[in-house]
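Protein chains in written order, with the numbering used here: chain G, 271 to 409; chain H, 271 to 409.
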């Protein structure tokens, strides 16, 4: 999914929050798993649309975050949807870089690897690759 | 999924934002469709856990929003997951009240009914029931 140019009203239609951001839900196309939630500013969305690879805005680092730039765990974007209030985006992606796929910096498939069970947040999925091994040798 | 009591560290583990809220991704169990994103404060989460039905915090109305209270489109909650940063929740639900299921106040199945196509946000799914009919006769 690559658009070399697109009308500004694609961006204007979005209700950016007070910080100029929107939350972005990321769903894996093949499994339908929700992999993560990240944030975009307008520059991140523009780059995502132009390149076809997911680019977010890192609130902690306060800069664009090209997903996979360190880990190699790039996300190829197939589809971008927007919700009724135009304040959340939903990306449908292929998560590249590892099999089975790893979206989370902890080495889990999905960031949502803890589930409420018996009154506690409980890990429900394994670490597929140790973070030291992910970030020692960026692809 | 009903927990008559649960430890406070379930709530304490969550990184609530400056307004005391977290975003909540809602995924339908049977279809794996992402239905919506809403927000919870700690009271909404407590009620959701206790009742087993989704309760959110409405930012526009500034009060608890028992999903389906007007529309009848209640969400039965099967699973609550939390992400690596503990600042987003993921609910797995059965969307009740209509067949096929309607989560969106617009009468669409999912709130994400518009997709970026050819440089414009384009409706990709039908209205299943007109909002006037949904909100005229709450179940």
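Note that CB positions come from ideal geometry on N, CA and C, so glycine has one too. Because the structure is a prediction, the values reported are computed rather than measured.
Beta-carbon spacing of residue i, residue j below 9 Å
i	j	result
residue 377 of chain G	residue 363 of chain G	no
residue 305 of chain G	residue 284 of chain G	no
residue 341 of chain G	residue 405 of chain G	yes
residue 352 of chain H	residue 358 of chain G	no
residue 347 of chain G	residue 318 of chain G	yes
residue 312 of chain H	residue 286 of chain H	yes
residue 303 of chain H	residue 403 of chain G	no
residue 333 of chain H	residue 299 of chain H	no
Span of the alpha helix (DSSP H) around residue i
i	result
residue 319 of chain G	312-321
residue 281 of chain G	279-282
The beta strand (DSSP E) enclosing residue i, as first and last residue numbers
i	result
residue 293 of chain H	292-298
residue 403 of chain G	Where residue 403 of chain G is concerned, there is no enclosing beta strand (DSSP E), although the alpha helix (DSSP H) it sits in stretches over 401-406.
residue 397 of chain H	Where residue 397 of chain H is concerned, there is no enclosing beta strand (DSSP E), given that its DSSP letter is neither H nor E.
residue 390 of chain H	390-393
Nearest-angstrom beta carbon gap, residue j and residue i [assumed within contact, 8 Å]
i	j	result
residue 371 of chain G	residue 395 of chain G	No, residue 371 of chain G and residue 395 of chain G are not in contact; Cβ-Cβ is about 12 Å, not under 8 Å.
residue 295 of chain H	residue 309 of chain H	Not confirmed; about 11 Å, so no contact.
residue 354 of chain H	residue 375 of chain G	7 Å
residue 344 of chain H	residue 323 of chain H	5 Å
residue 337 of chain G	residue 326 of chain G	6 Å
Ranges of the beta strand (DSSP E) found wholly within the stretch 314-371 of chain H, counting only runs of at least 3: DSSP assignment within the stretch 314-371 of chain H yields the following whole beta strand (DSSP E) runs of 3 residues or more, N-terminal first: 325-328, 333-336, 345-352, 359-365.
Is the stretch 364-371 of chain G touching the stretch 384-396 of chain G, taking contact as three or more C-beta pairs under 8 Å? no
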